[in-house]
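In the working numbering, the protein residues as written are 65 to 150.
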């Protein structure tokens with residue numbers, strides 16, 4: 065049962081930012097670059113021994129996957145808005 069729950073958590077971590085990008089679009093590229101940087105930093109920070117259990121792993125994994133999907137997806141979908149001069 066725990067593996068099904070983990071799969072659902074990680075699928076939600078990919079589906080929510082994909083829906084946000086689809087619905088709202090990619091506005092500012094620097095927020096997406098900051099999300100990728102934050103996700104990488106979060107992925108490389110070692111956890112204290114008190115936080116070494118499955119619950120914290122799921123939460124940090126969700127945040128990591130969410131930030132990476134939203135950041136990379138926003139950078140690939142970035143379209144600058146050019147004003148048309150009349």
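Each residue gets a CB set at the ideal place from its N, CA and C atoms; glycine is no exception.
Does DSSP put residue i in a helix, a strand or coil?
{"i": "residue 110", "result": "coil"}
{"i": "residue 67", "result": "helix"}
{"i": "residue 137", "result": "helix"}
{"i": "residue 119", "result": "helix"}
{"i": "residue 103", "result": "helix"}
{"i": "residue 125", "result": "helix"}
{"i": "residue 92", "result": "coil"}
Work out the CA separation of residue j and residue i for me, nearest whole Å.
{"i": "residue 86", "j": "residue 128", "result": "20 angstroms"}
{"i": "residue 116", "j": "residue 139", "result": "32 angstroms"}
{"i": "residue 75", "j": "residue 126", "result": "9 angstroms"}
{"i": "residue 98", "j": "residue 135", "result": "7 angstroms"}
{"i": "residue 141", "j": "residue 89", "result": "8 angstroms"}
Classify residue i as buried or exposed, calling it buried when 16 or more other Cβ atoms lie within 10 Å of its own Cβ.
{"i": "residue 132", "result": "buried"}
{"i": "residue 96", "result": "buried"}
Nearest CA to the CA of residue i: which residue from the options?
{"i": "residue 69", "options": "119, 141, 137 and 134", "result": "119"}
{"i": "residue 100", "options": "67, 130 and 141", "result": "130"}
{"i": "residue 137", "options": "72, 71, 109 and 78", "result": "78"}
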